[in-house]
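**Q** Encoded as structure tokens, here's the structure I'll be asking about.
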Amino acid sequence: MPKVKPQPVTSVSTGNGTIALDTLATENDAVKVVLFNDNSWRYIRVRSAEDWEVDTYAKHWDTIKLFPYEDVKLADLPESVVIELVDSLKGYHYPIKGTVRSKFGPRGRRRHRGVDIPLKTGDPIYATFSGKVRISTYNKGGYGNLVVIRHDNGLETWHGHLDQSFVKPNDTVYAGQIIGLGGNTGRSTGPHLHYEIRYFGQTFDPERLVNFENGNLRRETFLLKKDYFDIHSRAGVQDFEDEILGDEEIEEQKKKEEAAKKVYHKIRSGDTLGGLAVKYGTTVTAICRLNGISSKTTLRIGRSLRVR
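Heads up: take any position in the sequence shown, counting from 1, add 110, and you land on our numbering.
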């Protein structure tokens, strides 16, 4: 099958000059529709406490330590992993638009683990994806005012040299939300945004995902390969297979990962939803959601329920 070039994803509305007028319920309690005064609307996922109990936010979550993945070695990571970047509920917004002045890669004897985009002090900086703020502090190691956001897909975005931060640790943020203002704090030779994307603490070139010139996301789904963590691995120099990903390759990888994650339990006498939730470290609500049942559903002996 011929390879299909991934289609770019444009940013959600920045919200500049727009005001949320109303919120409408949907058939799904976890999803709302927000109406704006410019006749636009967006689906918004309503966060619950259970959303933050998943491994992405429960493990290696530290609002003080900058690098919480010390026990995760590069060798422990898979050779490749499919990263779902956007869908109907998970939007995208560029952090800032502009020309990349300093790219990901070696910088003399040092390693530049992100990209630098010049700006004017006070320019708004946006959350790239929805997620939760892990770090919002002044960093003496060179980042200056730094905001780190962890996202549902396991990625973290780092925003350095900010003039101001508008968020604090454990805040929920949405794609397109202004998280701070660009500046010149820390080890900086002029106003710019230092922007990094990390996966389990490992950095890769943000230009693999974001076209900073036009603000578009390069693809909806990204096949992240371990090779990309090499400081010499830049966007634009990877081979054809990396740049033009076929649907079959991604779908096959996704199926393998989903199959590996799924856990089933065959109902035995005495089993209850509450007991299964405790046994498998999940919640009754989550089990019901996975199986399309309610908490009042009678459990039939011999039936297999998906519990993870």
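Yeah, the Cβ is synthetic: ideal placement off N, Cα and C, and Gly gets one too.
So, using beta-carbon positions, are Ser240 and His261 closer together than 8 Å?
**A** yes
**Q** With a Cβ-Cβ cutoff of 8 Å, do Gly98 and Thr166 count as a contact?
**A** Residue 98 falls outside the range modelled here, since the chain spans only 111 to 418, and no answer is possible.
**Q** Do the stretch 267-274 and the stretch 245-256 meet, that is, are 3 or more Cβ pairs less than 8 Å apart?
**A** At 8 Å Cβ cutoff, the stretches touch.
**Q** Helix, strand or coil: which one does DSSP assign to Gly385?
**A** helix
**Q** To the nearest angstrom, how far is it from the Cα of Cys398 to the Cα of Val182?
**A** Cα to Cα, the separation comes out at about 32 Å.
**Q** I'd like to know whether the C-beta of Asp315 is nearer than 8 Å to at least one C-beta of chain D.
**A** Absent from the structure: chain D. Only one protein chain is present.
**Q** Nearest to Ser246 by alpha carbon, out of Gly224, Asp281, Leu184?
**A** Asp281
**Q** Using the rule of at least 16 other Cβ atoms within 10 Å of the residue's Cβ for burial, across every protein chain shown, is Thr209 buried or exposed?
**A** exposed
**Q** Quick one: what's got a C-beta closer than 8 Å to Leu334's C-beta in the same chain, skipping five residues either side?
**A** In chain order, Ser190, Val191, Val192, Ile193, Tyr309, Phe314 place their CB closer than 8 Å to the CB of Leu334, counting only its own chain and leaving out the 5 sequence neighbours on each side.
**Q** Which same chain residues, not among the five before or five after Gly412, have their C-beta less than 8 Å away from its C-beta?
**A** Lys376, Ile377
**Q** DSSP on Lys371, reduced to helix/strand/coil?
**A** helix
**Q** What's the call for Ile174, buried or exposed, on a 16-neighbour Cβ count within 10 Å?
**A** Around the beta carbon of Ile174, fewer than 16 other beta carbons sit within 10 angstroms, so the residue counts as exposed.
**Q** Extract the residue ranges of the beta strand (DSSP E) inside the stretch 305-350, only unbroken runs of 3 or more that lie entirely within it.
**A** Within the stretch 305-350, the beta strand (DSSP E) runs of at least 3 residues that lie entirely inside it are, in chain order, 312-314, 331-335.
**Q** At a cut of 8 Å, does the stretch 218-237 reach the stretch 312-327 through at least three beta carbon pairs?
**A** yes
**Q** Run the CB neighbour count on Asp349, radius 10 Å, all protein chains shown included, and call it buried at 16 or more, exposed below.
**A** The predicted model places Asp349 with a pLDDT of 41, which falls under 50 and marks its position as unreliable, so this point remains unresolved.
**Q** For Asp165, name the three-state secondary structure that DSSP assigns.
**A** helix
**Q** Would you kindly report the start and end of the unbroken beta strand (DSSP E) that includes Thr407?
**A** Per DSSP, Thr407 lies in no beta strand (DSSP E) segment and is marked neither H nor E.
**Q** Look up Ser190 in the DSSP assignment and give the residues it is bridged to.
**A** Lys335
**Q** I need the straight-line Cα distance from Arg297 to Leu303, nearest angstrom please.
**A** 12 Å
**Q** How about Val388 and Val417: do their beta carbons lie closer than 8 Å?
**A** no
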